[in-house]
Amino acid sequence: MLKYTEKIQETAKRLLQEKKVDVFIGYKKGSVPMMNEPLLVSDPDRVDRLYWDNFCGLNLCNYLTKQTGKIGIVANGCNSRNIVTHIIENQIQRDQLYIVGIPCEGMIDHRAVMRAVKQKEILDIEQNGKTFVVKGADFEETFEKDKFLQSNCAVCIHRNPVIYDELLGDLVEEQTGVSPYQDVEKVEAMDPEKKQGFFTRLISRCIRCYACRNACPLCYCPTCFVDESRPQWVGKSSDPTDTLTFHFLRAYHCAGRCTDCGACERVCPMGISMRQFTKKLNKDCQDLFSWEAGLTLDQRPPLDVYRPDDYNDFIK
Amino acid sequence: MTDKIFTKEEWMKGLEGLMDAYTLFVPVKDGDFHAFMPLSEGKIPDFDFQNTRLSPKSVIYPQSERLFEYTLDSADAEANILKESPKDFSPRAIVGIRPCDAHAFQIVRRNFDNPEYRDPWWVRHFESTTLVGLGCNDPCSTCFCTAVGGGPFHEEGLDALVFDLGDRCLIKGVTDKGEAFLTNMNGGKPADEAVLKEAEGLAASASKKITSSPPTDQLKGKKTNDLFTAPFWEEVAFGCLNCGTCTYLCPTCWCFDIQDEVSGKKGDRIRNWDSCMFPLFTLHGSGHNPRDAKVQRVRQRFMHKLKYYVDKYDNGAQCSGCGRCVRYCPVNIDIRNVCKRMNNF
Amino acid sequence: MENPYLPYPVRIDQITTETEDRNLKTFRFVFLNPEDEEKFAYTPGQFAELSVAGKGEIPIGIASSPTEKGFVAFTVNKVGLVTTYLHNMKEGDVMGIRGPLGNWYPWDEMEGKNVVIVGGGFAFTTLRSSIVYMLQPENRPRFKEITVVYGARTQGMLLYKDELAAWEQRDDIHMHITVDSTDDPDWKYNVGFVPTITEQKITSADNAIAIVCGPPILIRFTQPVLEKLGFPPERIILSLEMRMKCGIGICGRCNIGDKYVCKDGPVFSLAQLKQMPPEY
Amino acid sequence: MEHVGIEPGRLHFSWISSAEATKFVDVANTVAKEVKALGPARYFIKKRAEVA
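Chains as they are written, first to last, in my numbering: chain U, 419 to 734; chain F, 117 to 461; chain D, 50 to 329; chain X, 1161 to 1212.
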């Protein structure tokens, strides 16, 4: 993954110099291990800050909403799918974008790494292809990358960008034989009371910081329903029913649009398994409409169109 | 003031013995992280931690707190008249609070307890709480308490300070409240010179381990409007999600919202933590919003901490250097870098 | 411990609809506990939080003058959740008021000076309080000439019409009432925007202090007029609006620079504002 | 809704034309019966805010 850094810098420099784009959006290396910061570059002489590694798990599409001008952006599989969704939903025009595609082999789950070293402070991470070395004040451990993928990356079947103007490496082989919905099936099998307990426990640590919502490229409404005051749909205290309402409704708003990029889960400061809210809806879209979000510009999303043969068994 | 030395067993036993006199908030392992929780049956205090993910500010200032209650039942003579909600202000102690977080209470206190107004809930909760600190033998690389007037064994703001000396611990009383805590605690014996020397050495070596030190010396001398119009804010703010992680995890962020909630004929007036990161924070009823753009809100947070507070109280920055926002900001906006840019602007 | 968040219970004594669009009403409140009235000792320019159980609180400038006893009055514009509810309340209903809050117009500084009051629209409330206060026989000698420029979009949008007419008749106050436009042939006052009328009617800044209250656009265009007349920024006084909650400088939301609008304001001189970030 | 723990039977969907009065009555009765059988909902119902 590190090999992309130089290529991104070269490409960005070229695009900015040739004035093919006004700005370029990528990552810069973070000030602490396993964290990278989104970066906007407009000066071709300052592209050396651009960076790429195994910890670029945010969704840069988030920074495209209603932007004007020509924008260059790096995009791996899931990010590119969100770009497609953004174009379909008129949040950005295709011809405004120069998409620099990155075939992705998954991002590392920083929480899993911290767990593996028993929450001891990590001072440096050395990334070498299939393995990475974690260094602290009094320890050094080597891990296999494949065992530390973000949970969404582990079940990802669209690692290659679906839309791009230029590709920075050879396409990678897509994973096969993954069963992405095992966790959802487990919940489906529970009785109502168990389900209630599951979701109540899931949000028990939520502090209503809205990092999940704000990290999500789908959440671009000018005023979110939780911020409406007339009427006020959701209470603002830490009351669990209000918190559940926020999470359930947010998930519904992502139905048929979520690409399972995992940004919500990655950014949660409390480590909540945010994907549990959206995944059931992804599964239903798959089962009922054979739909996966953001794969093509040519088809409208299922909740956008009516077909006489739409699933309607639940209507009596 | 008393200095007492305990074996680790005596210390744990001693704490258990205090459960009647105090509600003890101790660090408890909670999933991947630690959190301050009331010590009760089945809760095991774990002092082998760097710091809790959430600051202990919620012990004194809960995220959501009922202030008043009332009835809307017109048949009731007291309808629509607010009454203070009953609260428990019995003695509490936060045991194992890090010196930065205790220092943070002093920073916040200037806001909640000022010559003109005293916030009745914050003040009473604070006054009924004893802060028993645990010095940091091994500060993190993201800690910068020494840059903002604190230190890994800084006593200001603490009532007592614990030095972890391996199989024993030294507890130093700092204030009368701390003395009372020590007096109430069973076990231990007076510490001799050698132990005190050992503790001093520990504190000195811990201070040396602090590696990050953003400069803050020029902040006061800067002109507010020069910093306000500085060219770097767009760049600082670019990645920001405008989530509340930094403000909610911060031990020195105090902003709140007041909301009325009604259930049937009963109503509550509740205060909730709020965040200057949220657009709603400054939205006027008319629709006008003086801080409508992300960059304005990001600037507000840093300006408030590192300039406005500095000017208002002439007592340092509104930051205790705990490093939580550095570690947990989902997009890695690092206050140390921003501070440096402001200071050197 | 005195709880600064606890409102004094009050009863709505009188409701007056002020404007033709019925969006502005003046509420007179009487304290349920008479001793609270003494505690609520205020000075013109201050505001209070009106508290409606179940809805919340709103910061509103005090429209009555401390020289008027037995009640306090507020003129409320219907904009948000609380104000809309308030507009539907009736005389006799019980609610709360919390205050007085904030600072006031610089009365000490104004003593012995000519006072120029410039107001527009519904921001005239604390100016009304000030005028009533200054015109009180005991207070009147403390100030020299009092000149008022007050305008609204139309005649029907002027507040306190009876009082305006009464003040027009007096010779110890110079009134310049204006409307943006009118089709009433009998309209006997001025027609034109407040800044223009100010430019025409105010002739000197000598020994004078100006208080300006109005929508942002009025402030923006009146400010250069006053500066041209020779008012230094220290003698141009403005009152800010800001989203507020606690009203006592604690909750943090009305922060601008090292000031809290609710506690250090809402009244600021232009000189002060020039030192602060323009976030209002 | 069922996935997040709302009991089956609390949520019903029906197509009823304005001409289908009998169907409307039937559906209304069935819904009422099923919901009554489940008893009062406890989950996802906000009572007084659970705050400090």
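We treat Cβ as the ideally placed atom computed from N, Cα and C, and that holds for glycine.
A direct Cα-to-Cα measurement between V197 of chain D and S174 of chain F gives close to 51 Å. At the C-beta level, L277 of chain F and V248 of chain F come within 9 Å of one another.
Residue burial annotation: Q412 of chain F is buried, with at least 16 other C-beta atoms found within 10 angstroms of its C-beta. An exposed status is given to L81 of chain D, since fewer than 16 other beta-carbon atoms sit within 10 Å of its beta-carbon. Residue-level contact check: S379 of chain F touches chain X, since one or more beta carbons of chain X fall below 9 Å from its beta carbon. By the CB criterion at 9 Å, F566 of chain U and V535 of chain U fall outside the cutoff. Collapsing the DSSP output to three states places A214 of chain D in a helix.
Neighbours of M453 of chain U in chain F, taken as residues at a C-beta separation under 7 Å, are given in chain order as N448. Proximity of E539 of chain U to chain F, defined by a Cβ-Cβ separation below 9 Å, is satisfied. Between the C-alpha atoms of P186 of chain D and P155 of chain D there is a straight-line separation of about 20 Å. Listed in chain order, the alpha helix (DSSP H) elements of length 4 or more contained wholly in the segment 70-156 of chain D are 83-88 and 130-136. Within the segment 289-306 of chain D, those residues whose Cβ lies closer than 9 Å to any Cβ of chain F are, in chain order, E290, M291, R292, K294, C295, I297, G298, I299, C300, G301, R302, C303, N304, I305 and G306. Look at the beta carbons and you see the segment 243-258 of chain F touching the segment 163-179 of chain F: at least three pairs across the two are nearer than 8 Å. For the segment 257-268 of chain F, the residues whose beta carbon sits under 8 Å from a beta carbon of chain U are, in order, S257 and T258. Neighbours of K74 of chain D in chain F, taken as residues whose beta carbon is under 9 Å from its own, are absent, since the nearest beta carbon is some 16 Å off.
Within chain D, the residues A102 have their CB atoms less than 7 Å from the CB of Y186 of chain F, given in chain order.
With 16 or more other CB atoms across the displayed protein chains lying within 10 angstroms of its CB, W237 of chain F is buried. By the C-beta density criterion, P56 of chain D is buried, having at least 16 other C-beta atoms within 10 angstroms.
Look at I621 of chain U: its C-beta is not under 9 Å from any C-beta on chain F. With 16 or more other CB atoms across the displayed protein chains lying within 10 angstroms of its CB, W349 of chain F is buried.
D308 of chain F counts as exposed, since fewer than 16 other beta carbons sit within 10 angstroms of its beta carbon. Look at K456 of chain F here: in three-state DSSP terms it is helix. For Y233 of chain F, no alpha helix (DSSP H) segment is defined, and its DSSP state is neither H nor E.
Contact between R648 of chain U and L130 of chain D holds, since their C-beta atoms are separated by about 6 Å, short of 8 Å. In the structure shown, Q272 of chain D falls within a helical segment according to DSSP collapsed to helix, strand and coil. In this structure, the alpha-carbon of C261 of chain F lies about 11 Å from that of A433 of chain F.
Among the residues of chain X, those whose CB is under 8 Å from the CB of I386 of chain F are A1209 and V1211, following chain order. DSSP links K308 of chain D through a beta bridge to D:I305. When the beta-carbon positions are compared, L73 of chain D and N126 of chain D come within less than 9 Å of each other.
In this structure, N152 of chain D sits near G94 of chain D, with a CB-CB distance shorter than 9 Å. Under the 9 Å criterion on CB atoms, Y628 of chain U is classed as interfacial with respect to chain F. Following the DSSP letters along the chain, one finds F297 of chain F inside the alpha helix (DSSP H) bounded by residues D292 to N300. A distance below 9 Å separates the beta carbons of D373 of chain F and R302 of chain D. With contacts defined by Cβ atoms closer than 9 Å, T124 of chain D and E67 of chain D form a contacting pair. Selection F:N448, F:I386, F:P446 and F:D333 evaluated against N460 of chain F yields F:D333 as nearest (Cα-Cα). Membership of H404 of chain F in any beta strand (DSSP E) is not indicated, and neither H nor E is assigned to it by DSSP.
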